[in-house]
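Step one of this worksheet: look at the structure below.
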Amino acid sequence: MPHSRKGFTLIELLIVVVIIGILATIAIPKFANTKTKAYTAAMKTDLRNLVSAEEAFHADSIRYTVYDTSRLKFRSSQSVSDPTIVTGSGYWSATVTHSQILNFTCAIAVNTVNPLVPSAGEGEPVCR
Numbered sequence: 000m001p002h003s004r005k006g007f008t009l010i011e012l013l014i015v016v017v018i019i020g021i022l023a024t025i026a027i028p029k030f031a032n033t034k035t036k037a038y039t040a041a042m043k044t045d046l047r048n049l050v051s052a053e054e055a056f057h058a059d060s061i062r063y064t065v066y067d068t069s070r071l072k073f074r075s076s077q078s079v080s081d082p083t084i085v086t087g088s089g090y091w092s093a094t095v096t097h098s099q100i101l102n103f104t105c106a107i108a109v110n111t112v113n114p115l116v117p118s119a120g121e122g123e124p125v126c127r
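Numbering that gives the first Met the number 0 applies: residue 0 is where the sequence shown begins, and numbers increase by one.
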């Protein structure tokens, strides 16, 4: 009488567990990097939106605003800091941080040198 085999052997189960472990080891760092990229994208998007708000404010009042971003009708994304804006005669720059990324800042500048990366183009948000 033939013996019917039901289920998996211990060796087969161990091999599957090892394969899943290897795949998880490869995938987890990729997902962690994805979150950082998303946070960076949020900061850069906020800076680009700030350029539009500042330039619209400048077109109306012939000056840039420093402290009161509510006058710009600008709100930062969730977990992105309010921008630190530095202005001068006809120029401005701003920096932001994200609460989920330590020691990481993004900046943008208009008609002046970017405070983080001097070689960055005008109106180009850069991070480091």
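By construction, the Cβ of each residue, glycine as well, lies at the ideal position given by its N, Cα and C atoms. Here the structure is a predicted model, which means the values were calculated and not measured.
What residues are listed by DSSP as bridge partners for residue i?
i, result
"I84", "A93"
"V109", "W91"
"T64", "In the DSSP output, where bridge partners are listed per residue, T64 has none listed."
Could you tell me if residue i is buried or exposed, where buried requires 16 or more neighbouring beta carbons within 10 angstroms of its beta carbon?
i, result
"D45", "buried"
"H97", "buried"
"N32", "exposed"
"N113", "buried"
"S92", "buried"
Grab me the residues of residue i's own chain with a C-beta within less than 8 angstroms of its C-beta, minus the 5 sequence neighbours each way, in chain order.
i, result
"R74", "T68"
Residues in the same chain with beta-carbon distance under 6 angstroms from residue i, minus the five sequence neighbours each way, listed in chain order, please.
i, result
"N110", "G89 and Y90"
"V116", "V125"
Taking C-alpha atoms, which residue in the options lies nearest to residue i?
i, options, result
"A37", "T83, G120, N113 and S78", "S78"
"T128", "A119, I100, I84 and I27", "Residue 128 cannot be examined here, being either before or after the span of the chain that is shown, 0 to 127."
Excluding five sequence neighbours on each side, which residues of the same chain lie with their C-beta closer than 7 angstroms to the C-beta of residue i?
i, result
"L71", "A52, E53, F56 and T64"
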